[in-house]
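*Asks:* In the numbering used here, the protein residues as written are 1155 to 1294. Every residue, glycine too, gets a C-beta built ideally from N, C-alpha and C. One structure coming up, written as structure tokens, with questions to follow.
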């Protein structure tokens, strides 16, 4: 293993040692990517000797979910349609929130319908349980 005192390391040495491919292109690439995708520019913040970069993504889950929900409503019961419509506009809704906002449905009814739709691939819980999404392709 190679040991070099930190004050002796220069950018040229770091490149020659093979630790990086080029010097100074990372920030340009981070800025160019969202610009090419027509997204909001990233925010750079210097913090405690490091750098924090916030990259924004396009919020498409509700739009996509609503379109897909309209395509599959003919194969769902009325309550299933209500749950799906609610989730398409409130993707981070909890089971309790669904019960509170959809009339005449029990906790067991919500659990049964969500589990059944998940097994058929119509809905899925995204990002480690924090958001519901409607599947693009149906497995029925």
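Please say whether residue 1267 and residue 1234 have beta carbons closer to each other than 9 angstroms?
*Replies:* Position 80 of the chain shown, counting from 1, holds the residue named residue 1234. Position 113 of the chain shown, counting from 1, holds the residue named residue 1267. In this structure, residue 1267 lies closer than 9 angstroms to residue 1234 by Cβ.
*Asks:* Mind checking residue 1179: buried by the 16 CB within 10 Å criterion, or exposed?
*Replies:* For the purposes of this step, residue 1179 is identified with residue 25 of the chain shown, where counting begins at 1. Residue 1179 should be labelled exposed.
*Asks:* Residue 1251 to residue 1260, Cα distance in whole Å?
*Replies:* Residue 1251 sits at position 97 when you count from the first residue of the chain shown. Residue 1260 sits at position 106 when you count from the first residue of the chain shown. Roughly 12 angstroms between the two C-alpha positions.
*Asks:* Compute the beta-carbon to beta-carbon distance between residue 1286 and residue 1241, rounded to the nearest angstrom, for a pair I have assumed lies under 8 angstroms.
*Replies:* Translated into positions along the chain shown, residue 1286 becomes position 132. Translated into positions along the chain shown, residue 1241 becomes position 87. The pair is a contact, with the Cβ atoms about 4 angstroms apart (cut-off 8 angstroms).
*Asks:* List the endpoints of the continuous beta strand (DSSP E) containing residue 1204.
*Replies:* Along the chain shown, one-based indexing puts residue 1204 at 50. It spans 1204-1208 - the beta strand (DSSP E) in which residue 1204 sits, taken as one unbroken run.
*Asks:* Mind checking whether residue 1210 and residue 1192 have CB atoms under 9 angstroms apart?
*Replies:* Taking the first residue of the chain shown as 1, we reach residue 1210 at position 56. Taking the first residue of the chain shown as 1, we reach residue 1192 at position 38. No, they are not a contact pair.
*Asks:* Under 6 angstroms Cβ to Cβ from residue 1171, same chain only, skipping five residues before and after it: list those, please.
*Replies:* Translated into positions along the chain shown, residue 1171 becomes position 17. Excluding sequence neighbours, residue 1171 sits near nothing in its chain.
*Asks:* Counting along the chain, where does the alpha helix (DSSP H) carrying residue 1236 start and finish?
*Replies:* By one-based count along the chain shown, residue 1236 stands at place 82. Per DSSP, residue 1236 belongs to the alpha helix (DSSP H) from 1232-1243.
*Asks:* Where residue 1205 and residue 1181 are concerned, what is the direct C-alpha to C-alpha distance, given to the nearest angstrom?
*Replies:* Position 51 of the chain shown, counting from 1, holds the residue named residue 1205. Position 27 of the chain shown, counting from 1, holds the residue named residue 1181. So the alpha carbons of these two residues sit roughly 11 angstroms apart.
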